[in-house]
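Heads up: the sequence shown begins at 1 in UniProt numbering, then just goes up one per residue. Yeah, the Cβ is synthetic: ideal placement off N, Cα and C, and Gly gets one too. Because the structure is a prediction, the values reported are computed rather than measured. Worksheet for the structure shown next.
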Amino acid sequence: MESIEYIQKILKEQGPFDGILGFSQGACFAALLTQYLETQSNGFDHHPPFKFAILVSGFKPLVQEATNTMLSKDCPLKTPSLHYIGDFDTLVLPQKMMALTEAFQNPTIFRHSGG
């Protein structure tokens, strides 16, 4: 909860921001924040939606309840997104990164042979 409140404060005091970049767990949070701003939910109704999201080695939330209700492919986000996926990543498996791309309408996917 502290993270959410901190981000809300930053957006209010230093925003607006054009977009967001997140890596690994930060990409997971960046995707959630993108959803909150696009849907103007969870107290994020004071900042316009991002114009883009860059998500590197990102994944959907690991908590099952969150996965069912957040970042759903049934209601994909319109925010343009770029997803960097390492085919040999051993910490975040490529299929988990691909699952996050399904939460966006027209994701741009860049795959590389690294980890």
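Exercise for review: May I have the straight-line CA-CA distance separating Leu37 from His46, to the nearest angstrom?
Suggested key: As a position in the sequence shown, residue 37 is number 37, starting the count at 1. As a position in the sequence shown, residue 46 is number 46, starting the count at 1. When only Cα atoms are considered, Leu37 and His46 end up about 9 Å apart.
Exercise for review: Compute the distance between the beta-carbons of Leu55 and Ala30, then report whether it is under 8 Å.
Suggested key: Residue numbering aside, residue 55 sits at position 55 when the sequence shown is read from its first letter. Residue numbering aside, residue 30 sits at position 30 when the sequence shown is read from its first letter. Contact check for Leu55 against Ala30 passes: the beta carbons are separated by less than 8 Å.
Practice item. Compare the beta carbon distance of Phe59 and Phe17 with 8 Å and say whether it is the shorter of the two. Key: For the purposes of this step, residue 59 is identified with residue 59 of the sequence shown, where counting begins at 1. For the purposes of this step, residue 17 is identified with residue 17 of the sequence shown, where counting begins at 1. In this structure, Phe17 does not lie closer than 8 Å to Phe59 by Cβ.
**Study point:** Residue span of the beta strand (DSSP E) that contains Ala103, given as start and end
**Key:** Within the sequence shown, residue 103 is the residue found at index 103, counting from 1. For Ala103, no beta strand (DSSP E) segment is defined, and its DSSP state is neither H nor E.
Review point. Whole beta strand (DSSP E) runs in the UniProt domain "Serine hydrolase" (2-115) with 3 or more residues, listed along the chain?
Key: As for any beta strand (DSSP E) of minimum length 3 sitting wholly inside the UniProt domain "Serine hydrolase" (2-115), the runs are 19-23, 52-56, 81-86 and 108-112, ordered along the chain.
**Study point:** Where Gly86 falls, given that 16 or more other Cβ within 10 Å makes a residue buried
**Key:** Working through the sequence shown from its first residue, we reach residue 86 at position 86. Gly86 counts as buried, since at least 16 other C-beta atoms from the protein chains shown sit within 10 angstroms of its C-beta.
Check your understanding: So does the stretch 99-107 actually touch the stretch 73-80, counting three or more Cβ pairs closer than 8 Å?
Key -> Segments in contact, yes.
Review point. Going by the beta-carbon positions, is the gap between Ser81 and Ala53 smaller than 8 Å?
Key: One-based indexing of the sequence shown puts residue 81 at position 81. One-based indexing of the sequence shown puts residue 53 at position 53. Yes, Cβ-Cβ distance for Ser81 and Ala53 is below 8 Å.
Exercise for review: On a CA-only basis, which of Pro107, Leu21, Gly26 and Gly15 is nearest Leu3? Give me that one, please.
Suggested key: To locate residue 3, count along the sequence shown from 1; it is residue 3. The residue asked about is misnamed: residue 3 is Ser in this sequence, not Leu. Of the candidates Pro107, Leu21, Gly26 and Gly15, the one whose C-alpha sits nearest the C-alpha of Ser3 is Gly26.
Practice item. Answer yes or no: do Leu62 and Gln35 have a C-beta to C-beta separation smaller than 8 Å? Key: Here residue 62 corresponds to residue number 62 of the sequence shown, with the count starting at 1. Here residue 35 corresponds to residue number 35 of the sequence shown, with the count starting at 1. Against a cut-off of 8 Å, the Cβ pair of Gln35 and Leu62 comes out as no contact.
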